[in-house]
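Q:
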Amino acid sequence: MQGAFRPRRTSATATAPGQAVKAVPPGGDAFRHEPPPDDLVDVGYISGAHGVRGWLKAQPHSSDAAAMLAARTWWLRPRAATGQPGQLASAKVLQAREHSGSVVVQLEQLTDRTQAEQFKGHVVAVRRADFPAPADDEFYWVDLIGASVVNLQDEALGVVEGLLDNGAQQILRVVSPAVAGGAQEERLIPFVKTYVHSVDAKAGRIVVDWGLDY
187 MQGAFRPRRT SATATAPGQA VKAVPPGGDA FRHEPPPDDL VDVGYISGAH
237 GVRGWLKAQP HSSDAAAMLA ARTWWLRPRA ATGQPGQLAS AKVLQAREHS
287 GSVVVQLEQL TDRTQAEQFK GHVVAVRRAD FPAPADDEFY WVDLIGASVV
337 NLQDEALGVV EGLLDNGAQQ ILRVVSPAVA GGAQEERLIP FVKTYVHSVD
387 AKAGRIVVDW GLDY
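Per our numbering, the sequence shown starts with residue 187, numbered consecutively.
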């Protein structure tokens, strides 16, 4: 990969803070029903049961499953139509490990395959606070969403609305607000040292070597 910047991929979808948790999911009352934290991030989904002892198999959104493996609590919700978020419940992770490109996990109180199969398709979310600390030259995708982007002349280019991966490098999708009734302008900026001068994830600011007319 060109340059030193390496965004570690997670889903950029954060779960709404304070979302109600009412339904008892398959698996019974052992799952905790409490207001979810405000830093949940979708990191994958349950692809099925694993074995006969209640283990689940999860597919991470990224080839880097570090966030999913590090979390000691998983928040699960069923897939739902857009605009109709499923209800959340949390479960303690007893064991988790990588397995053939997936993650297999044992959650508290799931003891047989029948219970586990009922979670197929559920979204897996974990707290951002539970993510492993990235290296100095790495950034989680979710931390870059919403960052303001300016060039070396301090001209505003827009905000990061997403990241793309073309197989060779990651690309920032930067969108500027519509001006005087015009359409929004989109810029695709490779996330490599050639173009990215600095990243301050905490301040939400990225400086790039990119002209307004590019």
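Beta carbons are placed, not taken as given, at the ideal position from N, Cα and C, and that holds for glycine.
Is it true that the CB of G240 sits closer than 8 Å to the CB of R330?
A: Checking the displayed sequence, the identity of residue 330 turns out to be Leu instead of Arg. Cβ distance not < 8 Å, so L330 and G240 don't count as in contact.
Q: What residues match up with Y231 in a beta bridge as DSSP calls it?
A: Y231 is bridged to Q245, V309.
Q: Tell me the DSSP secondary structure of R239 in three-state form.
A: Coil.
Q: Give the DSSP-derived three-state secondary structure of W261 in the structure shown.
A: The answer is strand: DSSP assigns W261 an E or B state.
Q: Mind checking P246: buried by the 16 CB within 10 Å criterion, or exposed?
A: Answer is buried; the Cβ neighbour count reaches 16.
Q: Got a sec: does the ligand MN put a non-hydrogen atom nearer than 7 Å to the Cβ of R263?
A: Absence of the ligand MN from the depicted structure is noted, as is the absence of any ligand whatsoever, leaving it without description.
Q: Rounding to the nearest angstrom, what Cα-Cα distance links K306 and S233 in this structure?
A: One C-alpha to the other measures close to 5 Å.
Q: Closest to R338 by CA distance: which of T380, A369, A354 is it?
A: Before going on, a small fix: residue 338 reads as Leu here, not Arg. With distances taken between Cα atoms, L338 lies closest to T380.
Q: Return the CA-CA distance between V238 and R299, expressed in angstroms with no decimal places.
A: If I take the Cα positions, the gap works out to 5 Å.
Q: Figure out for me which residue from L374, Q370, S334, G368 has the closest Cα to the Cα of L349.
A: Measuring from the Cα of L349, the nearest candidate turns out to be L374.
Q: Quick check: the Cα distance between L398 and L358, rounded to an integer number of angstroms?
A: Rounded to whole angstroms, L398 to L358 spans 15 Å at the Cα level.
Q: For L296, name the three-state secondary structure that DSSP assigns.
A: Reduced to three states, the DSSP call for L296 is coil.
Q: With distance defined between alpha-carbon atoms, name the residue in V393, S334, Q304 nearest to V345.
A: It is S334 whose Cα lies nearest to the Cα of V345.
Q: Does the Cβ of K243 have 16 or more other Cβ atoms within 10 Å, making it buried, or fewer, making it exposed?
A: By the neighbour-count rule (16 or more Cβ atoms within 10 Å), K243 is buried.
Q: How about R314 and V291: are their beta carbons less than 8 Å apart?
A: No, these two residues do not count as a Cβ contact at 8 Å.
Q: Measure from the alpha carbon of Y326 to the alpha carbon of each residue in R283, L274, A252, then state which is nearest.
A: Per the Cα distances, A252.
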